[in-house]
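Below is one structure, written out as structure tokens; the observations come after it.
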Amino acid sequence: VFTHCRIKIMPKAVVCEESNLRGDITFSAGCVVHPSATVIAEAGPIIIGENCIIEEYATIAHRLVPDGEWDNTNILSIGHHNVFEVGCNVEAARIGDKNVFESKCYVGRGVTVSSGCVVGAGIKMNTGQLLPENTVVYGAQGLQREAIDKQGSQNLQIDFLRKVLPNYHHLRKPNYDPKKARSVV
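If you read the sequence shown in the working numbering, its first letter stands for residue 3, the second for the next number, and so on.
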């Protein structure tokens, strides 16, 4: 049922072949996608910003509403420097920059995540809401507070994964170079 399958992988992105990718998905430069990670673009394209990490068993989904149809203009935009930890399930409407989705959290389709947010391990967010910048969601009740410190950089982890993953996994080759695409115009 995925008639719009187009995976664009920019140079310097590391995408393992064992990942489960369906739909029209763009991985920007520096993204790292672990084996067994799942990205599903049912409702429209997904564009993942630079230097995002999608760990094992993490799921990012842009799902159709019942009786909905694919729409090229219905883009799930994910900002830069986001981390999707093991087993998280994220269906958010929009995601800004430098967010962390911890292990086994769930973020439903009505949630908009701004920037600098942390959704704690095991948190379930089903109701539509906008998470303000630098919000931390934590605890059994899903309490929210403002972060004291800004999110640190993931550059060291990305550099490490970029070196190690190719030693143990087959990678999907980068297949899109924005510089070459511009020179054609």
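Glycine included, each C-beta is placed from N, C-alpha and C at the ideal position.
For residue j and residue i, the rounded distance between their alpha carbons
i	j	result
G110	K152	24 Å
H1	Y170	The structure shown does not extend to residue 1, since the chain spans only 3 to 187, so no value can be given for it.
S233	A43	No information on residue 233 is available, as it lies outside the stretch 3 to 187 that the chain covers here.
R65	A95	10 Å
S117	V35	21 Å
E20	I80	22 Å
Residue i in three-state terms, based on DSSP
i	result
K100	coil
K126	strand
N169	helix
R65	coil
N22	strand
I160	helix
K10	strand
Burial state of residue i, where buried means 16 or more other Cβ atoms lie within 10 Å
i	result
F162	exposed
P180	exposed
V166	exposed
C7	exposed
V3	Low confidence applies to V3: its pLDDT is 48, below 50, so where it sits in the model is not reliable, and the reading given next is rough at best. Burial call: exposed.
E93	buried
L23	buried
Expected contact under 8 Å - CB spacing of residue i and residue j to nearest Å
i	j	result
I56	V41	7 Å
| message | Counting beta carbon pairs with one atom in the region 61-78 and one in the region 124-141, are three or more of them shorter than 8 Å? | response | no
| request: Decide if the region 28-36 is in contact with the region 47-54; the criterion is three or more beta carbon pairs, one per stretch, under 8 Å apart. | output: yes
| query | Pairing CB atoms from the region 66-78 with CB atoms from the region 98-106, are three or more of them under 8 Å? | reply | no
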